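Enquirer: Chains as they are written, first to last, in the working numbering: chain Z, 70 to 613; chain E, 70 to 613.
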């Protein structure tokens, strides 16, 4: 009554008698050199401190507090294992044997020197420098540890790596760390996670957990698909009626201005950008609850209202005002304007729309009507000194005048590699999501498929490849809400994160399986309820 | 970037302007008659009480406390909706209009008469009577409510129905209930949920949540697949070394005798049987951590140890002692002895096994070796005055002498309807699980497929059909643990629950979709984190 494949997995696990490698890093760093014949040191958690020369950097101060806590959690997991070891065996635990008997043991470290080589930046942005170098008991820092970076963002990534290097010894009596030097930086600058908060509302606490998981995965962009047909939880300053009438519940199922501000701040402290998406002209039915005049009246039986009405000046006045508010609330330079899945049926049924199209010499050309709207929307964004991201339909339409700062976001399945070739061949910066839809499920998990999808696997020149900025895992929320979204996102989004951070050559599935399992256990210890990724087992120190 | 099907769903939802029917019951009762031209009453929650004549019935006392709480939760959900209504509209809420203006409003009720017509039984058992009759403001109980049953189990099921009938009015100002008479009983006596606590350990708190969800779904059998190859969390009185060495962690990942006792009690109070499964002779690797002598030594490269060694007298002495303990700890008459997926490779490789088989004239007949073991195990259970449930392989083997009190459990996919025909044609009572494997996943959810699987859909006589006792949804835990098991079980197991409780004719998917959605919202209010089942939306009064 269990599939035989699991039995095989189980046997494989029992077959492996050697201690699995612990203290692995996810996503895998670009370069790791080990020293002293695979030497290791012990981190003295009780006396441990971060040594920092820098004074004023709120991101760093907050990070040190956070990462000290995370390091302590790793230590606590060890205690639980120690108990395990004791009860299950009469042998003397390894960590209590005279340490000199273990030739690769090097000694203790009790601090990490953190050196930021430039001024502390304030806000994460596209293309920020995330490079860092980390030395632990390397020849030039014997029995010490040092983290160096030219940006606070590199420091954040390096702190994450430092904590991941720490792992309880097999007997749980100490926290071990390899003697090594790590030189690391991301392969792609845009490593995102889309969360849809419109099909189901996600409470702020749930979003915080998701962002904690993003930080651990070195994802750097939270794409907030905040509103859609079904609900409008964003509480606008200018148009509070949008959420009063468009949210599932205008008090409990909304993001107030304070919520939004706090979420952006939570992300900023973790080096994570927040890109808002207010998808238009389709996917806007919830706007119509308070502003039906924005939408097209349909003269067919399917639905009373359709996409935004692109023929009315009042539509553009409204989005001008509304988008200006968004530009003020969200600090990132990028604004995702959507532009996907615009149904033409409603436009076709409406006589006023058709009259307008005749007057403007585009009779019957509904694609041109669509691009008329998108051009206006995109230029509105440009006028606000922001750059736009658009879903692929806007590019596919062909009629839209996009400047070369526009980013095209590929989402459709099927021939997405061919689509990447086309957009980059036309000179557009491009993001990939097609193979990373987290709402797609398979029995037994599907992270390996997501892991194996490489955004450079298309036929194109080096120049084209450079236009690939990265991609995003997408958590559409038709069938997830606060009850199940976190385990559905993690660790699958973390598999995508390694694809986007690590070198292209990192693709060893058995190795990744083991590292991802250790990584998901770290997430659990931090309270991020990532689901099991590799079959039967448990996490040392798991807290229920 | 969202599948078009969801857009259609959304439009459909917006298209439905009428208030969805609330106060629906899941699983659907056998018979519901409405009165007074779809009349309804208001339940006065603040003054509400249960009136009981019976004195000594601990199950009833506990149930009344619990169901009063559940009724209050429904009321609270109403408050949240009321706020919603107010903020979103300037109209006068319906509930605050003069009630006489609403012709179907009948008045208030402030109590439920609970009448148990027989003595209060102590422990749930196979075939227990679960029939009940419930009247709310029916012609013979005007502006009153009465629940009658001939067993405490019927009373429990009726209380669940009573609370589900209650629903906040559309404006949230009151708790409504239809004027109706419900006569109800289950279609099948065995309606189970299997939970595997060996591939991943499930904390007791998680199991409690699952049992809460079972109670709401009127499931009556918790099949505890407690140990397996990967771990042995059951802490035995006789052989504590089994969990000391076989559990993932001998302190934190075990079920102590107190845990087991408390879980059985938690179930008893809810009219839920607990059937233990100690699967042998396969799926026993974890037993070998402390008792390697029980297992067959393999002389092939795959694994050092295989299934139990059926040729040694000591094996039978051990299980005799161990099963006697289990018979004492678990009060139910049924013991699930497993018997599935016994690999013959290890037996084939072992010279001692082959010698023994020669001496016993079954050279090369490994199926006969398997049935030799199973016969002994099954007769051991009989001698303990218990009945056995076996996985289908034991029946398929053909050589096993099973008495007609043995229940065969069908789990394999493929031609399971044909298998049902075979086992019932041979005169065996049968359980179905093949189409209800909760570890099988599909994007967008798959409850409708599980819902449509009917255990009587095979070619057989009425007599054969009567041998189908019901079935079980199975939550194998290779890829679930405390992080995701509850939303994966519910509400999908509840879909199976309706198939096993309600009349065969209940199969209207659109109606079930709406009722299941309301049901899952009730689960959320009780703290059971069931996942969304029908696409975008939210639950009134959902607590994050």
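Beta carbons are placed, not taken as given, at the ideal position from N, Cα and C, and that holds for glycine.
The structure presented is a predicted model; accordingly, all values stated were derived computationally and were not measured.
Using a Cβ-Cβ cutoff of less than 8 Å, which residues in the same chain neighbour residue 497 of chain E once the five nearest sequence positions on both sides are dropped?
Expert: Here residue 497 of chain E corresponds to residue number 428 of the second chain, with the count starting at 1. Only 464, 471, 473, 475, 476, 477, 536 meet the Cβ criterion.
Enquirer: What are the residues of the segment 577–594 of chain Z that lie near chain E, defined by any Cβ-Cβ distance shorter than 8 Å?
Expert: Listed by position along the chain: 593.
Enquirer: Use the C-beta contact count for residue 146 of chain Z: other C-beta atoms within 10 angstroms, 16 or more gives buried, fewer gives exposed.
Expert: Stepping through the first chain from its first residue, residue 146 of chain Z is reached at position 77. It counts as buried.
Enquirer: Contact between the segment 280–288 of chain Z and the segment 551–564 of chain Z: three or more CB pairs below 8 Å?
Expert: Contact between the segment 280–288 of chain Z and the segment 551–564 of chain Z is present, because at least three Cβ pairs lie under 8 Å.
Enquirer: For residue 491 of chain E, is the classification buried or exposed, using 16 other Cβ atoms within 10 angstroms of its Cβ as the cut-off for buried?
Expert: Taking the second chain and counting its residues from 1, one reaches residue 491 of chain E at position 422. It is buried - the Cβ of residue 491 of chain E has at least 16 other Cβ atoms within 10 Å.
Enquirer: Can the beta-carbon of residue 479 of chain Z be found less than 7 Å from the beta-carbon of residue 494 of chain Z?
Expert: On the first chain, residue 479 of chain Z is found 410 positions in, with the first residue counted as 1. On the first chain, residue 494 of chain Z is found 425 positions in, with the first residue counted as 1. For residue 479 of chain Z and residue 494 of chain Z, no; Cβs fall outside 7 Å.
Enquirer: Give the secondary structure of residue 431 of chain E by DSSP, where H, G and I count as helix, E and B as strand, and everything else as coil.
Expert: On the second chain, residue 431 of chain E is found 362 positions in, with the first residue counted as 1. Note: residue 431 of chain E maps to coil in three-state DSSP.
Enquirer: Are residue 119 of chain Z and residue 140 of chain Z close, meaning C-beta to C-beta below 7 Å?
Expert: The residue given as residue 119 of chain Z occupies position 50 in the first chain. The residue given as residue 140 of chain Z occupies position 71 in the first chain. No, these two residues do not count as a Cβ contact at 7 Å.
Enquirer: So with CB distances below 7 Å, who are the chain Z contacts of residue 661 of chain E?
Expert: Lying before the first or after the last residue shown, residue 661 of chain E is absent from chain E, which here runs from 70 to 613.
Enquirer: Counting contacts by CB-CB distance shorter than 7 Å, is residue 361 of chain Z in contact with chain E?
Expert: Taking the first residue of the first chain as position 1, residue 361 of chain Z is located at position 292. Judged by the 7 Å Cβ criterion, residue 361 of chain Z is not in contact with chain E.
Enquirer: Which whole-angstrom value is the C-beta distance of residue 53 of chain Z and residue 415 of chain Z, which I expect to be below 8 Å?
Expert: The structure shown does not extend to residue 53 of chain Z, since chain Z spans only 70 to 613, so no value can be given for it.
Enquirer: Around the Cβ of residue 287 of chain Z, are there at least 16 other Cβ atoms within 10 angstroms (buried) or fewer (exposed)?
Expert: By 1-based counting over the first chain, the position of residue 287 of chain Z is 218. Looking at its Cβ environment, which holds 16 or more other Cβ atoms inside 10 Å, residue 287 of chain Z is buried.
Enquirer: Candidates Z:173, Z:180, Z:521: which alpha carbon is nearest residue 136 of chain Z's?
Expert: Residue 136 of chain Z sits at position 67 when you count from the first residue of the first chain. Of Z:173, Z:180, Z:521, the residue nearest in Cα terms is Z:180.
Enquirer: Quick check on the burial criterion: 16 or more other C-beta atoms within 10 angstroms. Buried or exposed for residue 405 of chain E?
Expert: Numbered from 1 along the second chain, position 336 holds the residue referred to as residue 405 of chain E. Residue 405 of chain E should be labelled buried.
Enquirer: Name, please, each residue of chain E whose Cβ falls closer than 8 Å to the Cβ of residue 607 of chain Z.
Expert: As a first step, residue 607 of chain Z is located in the first chain; it is residue number 538 there, counting from the start. The answer, in chain order, is 269, 270, 300, 317, 318, 322, 550.
Enquirer: Bridge partners of residue 615 of chain Z, per DSSP?
Expert: Nothing about residue 615 of chain Z can be read from this structure; chain Z reaches only from 70 to 613.
Enquirer: Go to residue 520 of chain Z, then tell me how far its beta strand (DSSP E) extends in each direction, as first and last residue.
Expert: The count along the first chain starts at 1 and reaches residue 520 of chain Z at position 451. Residue 520 of chain Z -> not in any beta strand (DSSP E); alpha helix (DSSP H) instead, spanning 516–521.
Enquirer: Which first and last residues belong to the alpha helix (DSSP H) in which residue 590 of chain Z is found?
Expert: Here residue 590 of chain Z refers to the residue found at position 521 of the first chain. It spans 578–594 - the alpha helix (DSSP H) in which residue 590 of chain Z sits, taken as one unbroken run.
Enquirer: What would DSSP say about residue 527 of chain Z, mapped onto helix, strand or coil?
Expert: Working through the first chain from its first residue, we reach residue 527 of chain Z at position 458. It is coil, neither helix nor strand.
Enquirer: My assumption, with CB atoms under 8 Å, is that residue 323 of chain E sits in contact with residue 304 of chain E. Please give the rounded CB distance.
Expert: Taking the first residue of the second chain as 1, we reach residue 323 of chain E at position 254. Taking the first residue of the second chain as 1, we reach residue 304 of chain E at position 235. Right, the Cβ-Cβ distance comes to about 5 Å (below 8 Å), so this counts as a contact.
Enquirer: Taking the C-alpha atoms as reference points, what is the distance between residue 255 of chain E and residue 514 of chain E?
Expert: For the purposes of this step, residue 255 of chain E is taken as residue 186 along the second chain, with counting starting at 1. For the purposes of this step, residue 514 of chain E is taken as residue 445 along the second chain, with counting starting at 1. Using only the alpha carbons, I get a separation of about 26 Å.
Enquirer: Mind pulling the chain E residues with CB within less than 8 Å of residue 613 of chain Z?
Expert: Taking the first residue of the first chain as 1, we reach residue 613 of chain Z at position 544. Neighbours of residue 613 of chain Z on chain E, chain order: 272, 274, 275, 551.
Enquirer: Considering Cα atoms alone, identify which of E:369, E:295, E:111, E:584 is closest to residue 356 of chain E.
Expert: For this step, residue 356 of chain E is matched to residue 287 along the second chain. For the residues E:369, E:295, E:111, E:584, the minimum Cα distance to residue 356 of chain E belongs to E:295.
Enquirer: Pick helix, strand or coil for residue 344 of chain Z, following the three-state DSSP scheme.
Expert: The sequence position of residue 344 of chain Z within the first chain is 275, counting from 1. If DSSP states are grouped into helix, strand and coil, residue 344 of chain Z belongs with the strands.
Enquirer: Would you give the residue range spanned by the beta strand (DSSP E) that residue 415 of chain Z belongs to?
Expert: Position 346 of the first chain holds residue 415 of chain Z. Counting along the chain, residue 415 of chain Z falls outside any beta strand (DSSP E), though it belongs to the alpha helix (DSSP H) covering 414–418.
Enquirer: In chain order, what are the residue ranges of uninterrupted alpha helix (DSSP H) at least 4 long that sit wholly in the segment 179–256 of chain E?
Expert: Listed in chain order, they are 221–234.
Enquirer: List, in chain order, every chain Z residue whose beta-carbon is nearer than 7 Å to that of residue 599 of chain E.
Expert: The count along the second chain starts at 1 and reaches residue 599 of chain E at position 530. Near residue 599 of chain E (Cβ distances below 7 Å), the residues of chain Z are 552.
Enquirer: Please state the DSSP three-state secondary structure of residue 541 of chain Z.
Expert: Position 472 of the first chain, counting from 1, holds the residue named residue 541 of chain Z. Three-state result, residue 541 of chain Z: strand.
Enquirer: Going by the CB atoms, is the gap between residue 410 of chain Z and residue 467 of chain Z shorter than 7 Å?
Expert: Along the first chain, one-based indexing puts residue 467 of chain Z at 398. Along the first chain, one-based indexing puts residue 410 of chain Z at 341. Cβ distance not < 7 Å, so residue 467 of chain Z and residue 410 of chain Z don't count as in contact.
Enquirer: Is DSSP giving residue 102 of chain Z helix, strand or coil here?
Expert: Taking the first chain and counting its residues from 1, one reaches residue 102 of chain Z at position 33. Of the three classes helix, strand and coil, the one that applies to residue 102 of chain Z here is strand, per DSSP.
Enquirer: What are the residues that DSSP puts in a beta bridge with residue 498 of chain Z?
Expert: Locating residue 498 of chain Z in the first chain gives position 429, counting from the first residue. Answer is Z:476.
Enquirer: Going by Cα to Cα distance, which pick from E:385, E:265, E:486 is closest to residue 499 of chain E?
Expert: Against the second chain, residue 499 of chain E aligns to sequence position 430. Residue E:486 is the option with its Cα nearest to residue 499 of chain E.
Enquirer: Please give the ranges of any alpha helix (DSSP H) in the segment 382–414 of chain E, keeping only runs that are unbroken, at least 4 residues long and fully inside the region.
Expert: Fully enclosed alpha helix (DSSP H) runs of 4 or longer: 382–398.
Enquirer: Note down, in chain order, each residue of its chain lying with its Cβ closer than 6 Å to the Cβ of residue 214 of chain E, except the 5 sequence neighbours on either side.
Expert: The residue labelled residue 214 of chain E in the question sits at position 145 within the second chain. So the qualifying residues of the chain are 178, 181, 205.
Enquirer: With distance defined between alpha-carbon atoms, name the residue in Z:211, Z:91, Z:549, Z:257 nearest to residue 573 of chain Z.
Expert: One-based indexing of the first chain puts residue 573 of chain Z at position 504. Considering only alpha carbons, the answer is Z:257.
Enquirer: If we cut at 7 Å on Cβ distances, does residue 166 of chain E have a partner in chain Z?
Expert: Your numbering for residue 166 of chain E matches position 97 in the second chain. Reliability fails at residue 166 of chain E, whose pLDDT of 43 lies under 50, so the model's placement of it is uncertain and the value that follows must be treated cautiously. Residue 166 of chain E does not count as touching chain Z.
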